[in-house]
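The opening residue of the sequence shown carries number 85 in the working numbering; numbering runs sequentially from there.
Glycine residues also receive a C-beta, built at the ideal position from the N, C-alpha and C atoms.
Just so it is clear, the structure is predicted and the values come from calculations on it, not from any experiment.
What follows is one structure encoded as structure tokens, with my remarks underneath.
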Amino acid sequence: MKLRLFKTRNFADAASKAWICDSELREAFGELLKGQADNLGGGVWKKRLKENRRRSIVLAKGRHYWVYQSLFDKQRQSNISPKELDRLRALANVYEDLSEAQVQYLLDTREFVELHHDQKI
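Okay, structure coming up:
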């Protein structure tokens, strides 16, 4: 089964401002699948980007849908708070319950942008 990778609208805006392109996100996703990311539990991963200066938060839906959710600058924020982690885990659970039609709606309304890649399970 082919994995699907998305970025949220807010993540896309932040990545654009940080000069992080889709090819870097696809490469980082491949590394994440190889275990080169921090699994924070509950469907939440932290992955380093942009020569280790930025951190991305990636959420997974049943390990078939993956969503770049948030981006933060390492120098401004060393890590996410326990409260923020709880919020992200809850959001990962929401994503897990999304139907194909709901995912398509998020794409149609541009809340999600799909990143095409070659990763399969």
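- The beta carbon of Glu195 sits closer than 6 Å to those of Arg93, all from its chain and outside the five residues before and after it, given in chain order.
- Residue burial is scored here from C-beta neighbours: Arg137 has fewer than 16 other C-beta atoms within 10 angstroms and is therefore classed as exposed.
- Here Glu198 is bridged, per DSSP, to Phe90.
- Counting the other Cβ atoms within 10 Å of the Cβ of Ser140 gives 16 or more, which makes it buried.
- In this structure, the alpha-carbon of Asn163 lies about 15 Å from that of Arg173.
- In this structure, Gln153 is the residue among Pro166, Glu184, Gln153 and Ser100 with its C-alpha nearest to the C-alpha of Ala176.
- Per DSSP, reduced to three states, the secondary structure at Asp181 is coil, with no helix or strand assignment.
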